[in-house]
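Novice: Let me begin by handing over the structure; questions about it come next.
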């Protein structure tokens, strides 16, 4: 029985504010990317999210981003690759400590927002992220966008690369995520998104907007939980994957 | 030959701003308390300070404080003991990761500013700090104000307590640091401060403002480096200690 | 036909986060207390809120609070009365400029959260707030909790005091808002809250939890919009006030 | 007797940190560009700087920058021209209110760091800054880099443009400030910088690195005060200007 991981971004509130329905998502996903206080999240939210993930048997990763609460880490900020190493190391350490405090443990790192976009195609930045992880804890996996520069960077650094696809995002023929600002970049229909994900798994390939197939290993599917609709789409995708014979399981230790 | 540790607060800049002469202090002290980004410090300053301390054979600790750049961690902020656990865990993890990234390793934790003041006499807060350290890494030491609630809290939690005295601060008869707002609380004369420190070491006791002796173990002396005058006082104290036959050595592994 | 003002806290998001349904509330209230970036709000949200209030004929005030995004301005922070003057002046000026930029104009100031709680009973802080407003623009009104120290402080400073009551909060016999942490402090039943507000208006008095009547001028009723339920309560109160023969009108110029 | 203004950036500390010697500079310059809390400065520092400038008869301007304490406003952040309008309006209002609170009044606006660099050559951004100032207070002047896009933008908006030159910075033949990263961009020799300033005033032209003359009106010279050396250079320039027969006078009302 083949197995697949579902991952989502959680713990994206700050102080009095919340984003998405973390409780619902922790019943759906097998891996939770937890914000580390730079683009979202704070020590209270992190501790609560790690504890809840532990209780529900969900693996956790440090979701590292630019220091930019105002822009939610979605703005490309002018940090050098060397500075990005320190940004990643700081957040990773904070997440490891709070996970341990909450009885859980971080098993991977994922880049958020603009940092992920840059690391997708900029080899220097992808390597900087991998170097920072190696320096802090080389046993961690890197949850990387399939076919991105991150995959090669992780492997060169001796890190395990986990390949993820997006059910609800269009791909260019270069294998890159289409920019959110382009029409059709986000697939809002749950049926279409689910069909897409199943097709990519069946073919072992990214399916691009023009219909091309780009072969890749697929270990995880990224889903979203920031709206009620997104939660429903994630639940439908989970059900469809199970219906198609997949076991839902974290790629890394969840306990 | 008896040995003693000298510790100072370093890495207390933020972004474009600097505080004190870290380079000079790293030639004087044997342990550096490095700010972790909450009351001062940022990932760049932390990495640079850890690397420099490593190069000079100076041990490093996570100097944890309230999240309060504006107030430099000196304002008593209304955090509960449980919230303080998360505040400490977050900063400690960030410091451990950046120290590792810089080739060094954190060997202790020290509380800064208002958090230190509260933990000096509030048993609940002292225990919260100790619990957080234990949860993250029970092999670390806690650099605690001699005769404070922190000493007992560390020992109850199974942490090594390191007892520190202040050469340039007056003590009340209850063994507490006199408030900076009181006259005579800060001893600005280097000769007087040095004589005080030697007397306390010789007697194995705090010497209070009224002349009382309060017996205590003494492992470390805290010095300051925020002004040119403070750096000179620290250097004189170091010379006097060596002249009096003390070996200057970190209480914890510096390499 | 007697007239009454309804005010609510709006623009309480920050960056990617939102709080409450500002659009719905701007159709209900006659005065909007707009957060100024210290406890919530940012320059984008402020400009949008001022513009929308202008379009809907709603008066706007600067809702000033402690600089504390993390604590949403609800934590009593250790600022002196003199420091509070500068905190108020800064935020008021920022709000005035963005209101003008958006084609509107600030006609009053209201204190938020912990600053409001302190100014309710601490005469020094109440006077500091009034002095700051006078220094920046003495033509502004101060929207003050009825029977609080703010009323007297405003009047001493030569500012117009606008007296507000809370439909959904219990009062102590000293005329203070009961702490949110006490049972019964928040009245969640819309029928009860509406009846309370009408009774207080009819009697020209605060009705305390024990049933006492404390006579006061009443110019405005504060309502909340942070939950869907709160929006419904505000709408019901508005309807009930109109049903009881009140004209809903801002106490200050809305255009 | 011809007159000239000397301006410098002041109030560039934050919380516990200070930058430069504001007291010394306020005895040298005739106009002080006061940071408004976004790239540096806070309400306490602003109030103190405005009060001191008032006491010394120095005119004050709002020194507006990107919201970026960590990067000191020197990093080009991805804000649109429309967003820059709100950034400028917010800071300008805050500065006006605190100046009024301190008994002074803001008479001009100057852009800081990366915002100034962008506005120097990007017409859209230059116009956004001018529009924001007009919306808040069209009686203010814009202190603009001579021959920059800001000059035309101010004039189109109906604002008074004040033309400034830099004594200690090299110019390209396009009339732009050479990037700080290029060799020779900053002139560190006081004699050379002073001679340059006098030559530009005498010729009514920028002198470029290659020796070209680019005619321009010159109303003000920008000097720096962030190091002891910089303060000395500013003092020498002031003395040389007076020796050459210039009256030192603010271009705008200083009282």
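Residue numbers (this note's numbering), protein chains in the order written: chain W, 1122 to 1376; chain X, 1122 to 1376; chain C, 1122 to 1376; chain R, 1122 to 1376. Positions of the beta carbon are idealized from the N, C-alpha and C atoms, including for glycine. Quantities reported herein were computed from a predicted structural model and do not represent experimental measurements.
1. With 16 other CB atoms within 10 Å as the buried threshold, where does residue 1331(R) fall?
2. Mind checking which residues open and close the alpha helix (DSSP H) that includes residue 1130(X)?
3. Any beta carbon from chain C within less than 8 Å of residue 1257(R)'s own beta carbon?
4. Between residue 1221(C) and chain R, is the shortest Cβ-Cβ distance under 8 Å, so that the two count as touching?
5. Using a Cβ-Cβ cutoff of less than 7 Å, which residues in the same chain neighbour residue 1206(R) once the five nearest sequence positions on both sides are dropped?
6. If I measure Cβ to Cβ from residue 1298(C) and keep anything under 6 Å in the same chain, skipping five residues before and after, which residues do I get?
7. With a Cβ-Cβ cutoff of 8 Å, do residue 1129(W) and residue 1153(W) count as a contact?
8. Give the secondary structure of residue 1182(X) by DSSP, where H, G and I count as helix, E and B as strand, and everything else as coil.
9. Buried or exposed, going by whether 16 or more other CB atoms sit within 10 Å of the CB of residue 1146(R)?
10. Determine the DSSP secondary structure at residue 1157(X), reduced to helix, strand or coil.
11. May I ask which residues mark the beginning and end of the beta strand (DSSP E) holding residue 1270(R)?
12. Is any beta-carbon of chain W found at less than 8 Å from that of residue 1354(C)?
13. Could you check what DSSP says for residue 1200(R) in three-state terms: helix, strand or coil?
14. Going straight from the alpha carbon of residue 1266(W) to that of residue 1236(W), what length do you get?
15. Do we get a CB-CB distance below 8 Å when we pair residue 1287(W) with the residues of chain X?
16. Can you find a C-beta in chain R that's less than 8 Å from the C-beta of residue 1236(W)?
17. With residue 1225(X) and residue 1257(X) assumed to form a contact (beta carbons below 8 Å), what rounded beta-carbon distance in angstroms separates them?
18. What does the alpha-carbon distance come out to for the pair residue 1440(X) and residue 1202(C)?
19. First and last residue of the alpha helix (DSSP H) that includes residue 1241(X)?
20. Kindly say whether residue 1264(R), judged by its beta-carbon, lies nearer than 8 Å to any beta-carbon of chain C.
21. Check residue 1326(C) in the structure and name its three-state DSSP category.
22. Rounding to the nearest angstrom, what Cα-Cα distance links residue 1170(W) and residue 1210(X) in this structure?
23. Leaving out the 5 sequence neighbours to the left and right, which residues in its chain are closer than 7 Å to residue 1319(C) when beta-carbon positions are compared?
24. Cβ closer than 8 Å: which chain W residues qualify as neighbours of residue 1196(R)?
25. Quick test of your reading: residue 1240(W) and residue 1227(W), contact by CB under 8 Å. State the CB separation rounded to the nearest angstrom.
26. Does residue 1297(W) come out as helix, strand or coil in the three-state DSSP assignment?
27. Do you know whose CA, among 1343(C), 1326(C) and 1344(C), lies nearest residue 1337(C)'s CA?
28. Pull up the distance between the alpha-carbon of residue 1136(X) and that of residue 1230(X), whole angstroms please.
29. At a CB-CB cut-off below 8 Å, which residues of chain R make contact with residue 1140(X)?
30. How about residue 1292(X): is its C-beta nearer than 8 Å to some C-beta of chain W?
31. So, is residue 1353(R) buried or exposed, given that buried needs 16 or more other C-beta atoms within 10 angstroms?
32. My guess is that residue 1148(C) and residue 1132(C) are in contact by the Cβ rule of under 8 Å, so how many angstroms apart are they, rounded?
33. What does the Cβ neighbour count give for residue 1279(W), buried or exposed, with the cut at 16 atoms within 10 Å?
34. Measure from the alpha carbon of residue 1115(X) to the alpha carbon of each residue in 1243(X), 1269(X), 1193(X) and 1244(X), then state which is nearest.
35. Helix or strand or just coil, what does DSSP make of residue 1229(W)?
36. From the DSSP output, in three-state form, read off residue 1187(W) for me.
Specialist: On the basis of the coordinates in this document:
1. In the fourth chain, residue 1331(R) corresponds to position 210, counting from 1. Exposed.
2. As a working mapping, residue 1130(X) is identified with position 9 in the second chain. Looking at the DSSP string, residue 1130(X) is not in any alpha helix (DSSP H); the run it does join, the beta strand (DSSP E), is 1124–1131.
3. Here residue 1257(R) refers to the residue found at position 136 when the fourth chain is read from its first residue. Yes, because at least one Cβ of chain C sits closer than 8 Å to the Cβ of residue 1257(R).
4. As a working mapping, residue 1221(C) is identified with position 100 in the third chain. Judged by the 8 Å Cβ criterion, residue 1221(C) is in contact with chain R.
5. By one-based count along the fourth chain, residue 1206(R) stands at place 85. Around residue 1206(R): 1249, 1252 and 1253.
6. Reading the third chain from its first residue, position 177 is the one you call residue 1298(C). Around residue 1298(C): 1290.
7. By 1-based counting over the first chain, the position of residue 1129(W) is 8. By 1-based counting over the first chain, the position of residue 1153(W) is 32. Contact: yes.
8. Counting from 1 along the second chain, the entry for residue 1182(X) is found at position 61. It is a strand residue.
9. Working through the fourth chain from its first residue, we reach residue 1146(R) at position 25. Counting Cβ neighbours within 10 Å, residue 1146(R) comes out buried, since at least 16 surround it.
10. The residue you call residue 1157(X) lines up with position 36 of the second chain. In the structure shown, residue 1157(X) sits in coil (DSSP, three-state: anything other than H, G, I, E or B).
11. Along the fourth chain, one-based indexing puts residue 1270(R) at 149. Note, residue 1270(R): premise wrong, no beta strand (DSSP E); alpha helix (DSSP H) at 1270–1278.
12. Within the third chain, residue 1354(C) is the residue found at index 233, counting from 1. No, residue 1354(C) lies away from the interface with chain W (no Cβ there is under 8 Å from its Cβ).
13. On the fourth chain, residue 1200(R) is found 79 positions in, with the first residue counted as 1. Coil at residue 1200(R), not helix or strand.
14. Here residue 1266(W) is taken as the residue at index 145 of the first chain, counted from 1. Here residue 1236(W) is taken as the residue at index 115 of the first chain, counted from 1. Answer to the nearest angstrom: the Cα atoms are 12 Å apart.
15. Within the first chain, the letter at position 166 stands for residue 1287(W). Chain X contact via Cβ: absent.
16. Mapped onto the first chain, residue 1236(W) falls at position 115. No - not a single Cβ of chain R is within 8 Å of the one on residue 1236(W).
17. Locating residue 1225(X) in the second chain gives position 104, where the first residue counts as 1. Locating residue 1257(X) in the second chain gives position 136, where the first residue counts as 1. Residue 1225(X) to residue 1257(X), Cβ: 17 Å. No contact.
18. What the structure shows of chain X is the stretch from 1122 to 1376, and residue 1440(X) is not part of that stretch, so it cannot be assessed.
19. Here residue 1241(X) refers to the residue found at position 120 when the second chain is read from its first residue. Note, residue 1241(X): alpha helix (DSSP H), 1234–1242.
20. Position 143 of the fourth chain, counted from the first residue, corresponds to residue 1264(R). Not an interface residue.
21. The sequence position of residue 1326(C) within the third chain is 205, counting from 1. DSSP places residue 1326(C) in strand when its eight states are reduced to three.
22. Residue 1170(W) sits at position 49 when you count from the first residue of the first chain. Residue 1210(X) sits at position 89 when you count from the first residue of the second chain. Rounded to whole angstroms, residue 1170(W) to residue 1210(X) spans 15 Å at the Cα level.
23. Working through the third chain from its first residue, we reach residue 1319(C) at position 198. Here the set comprises 1361 and 1365.
24. As a position in the fourth chain, residue 1196(R) is number 75, starting the count at 1. Within 8 Å Cβ-Cβ: 1198 and 1199.
25. Indexing the first chain from 1 puts residue 1240(W) at position 119. Indexing the first chain from 1 puts residue 1227(W) at position 106. 18 Å between Cβ atoms; not a contact.
26. Within the first chain, numbered from 1, the residue matching residue 1297(W) stands at position 176. Coil, per DSSP.
27. Locating residue 1337(C) in the third chain gives position 216, where the first residue counts as 1. It is 1326(C) whose Cα lies nearest to the Cα of residue 1337(C).
28. Working through the second chain from its first residue, we reach residue 1136(X) at position 15. Working through the second chain from its first residue, we reach residue 1230(X) at position 109. For residue 1136(X) and residue 1230(X), the distance between alpha carbons rounds to 23 Å.
29. Residue 1140(X) sits at position 19 when you count from the first residue of the second chain. Going along chain R in sequence order, the residues near residue 1140(X) (Cβ under 8 Å) are 1137 and 1138.
30. As a first step, residue 1292(X) must be located in the second chain, where it is residue number 171. It does not: the Cβ of residue 1292(X) has no partner Cβ on chain W nearer than 8 Å.
31. By one-based count along the fourth chain, residue 1353(R) stands at place 232. When all chains shown are included, residue 1353(R) counts as exposed.
32. If you number the third chain from 1, residue 1148(C) lands on position 27. If you number the third chain from 1, residue 1132(C) lands on position 11. In fact, because the Cβ distance is near 15 Å, the residues do not count as touching under 8 Å.
33. Taking the first chain and counting its residues from 1, the one referred to as residue 1279(W) is at position 158. Exposed: under 16 other Cβ atoms inside 10 Å.
34. Nothing in the structure corresponds to residue 1115(X), since chain X is present only between 1122 and 1376.
35. Residue mapping note: residue 1229(W) aligns to position 108 of the first chain, counting from 1. Note: residue 1229(W) maps to strand in three-state DSSP.
36. Here residue 1187(W) refers to the residue found at position 66 when the first chain is read from its first residue. If DSSP states are grouped into helix, strand and coil, residue 1187(W) belongs with coil.
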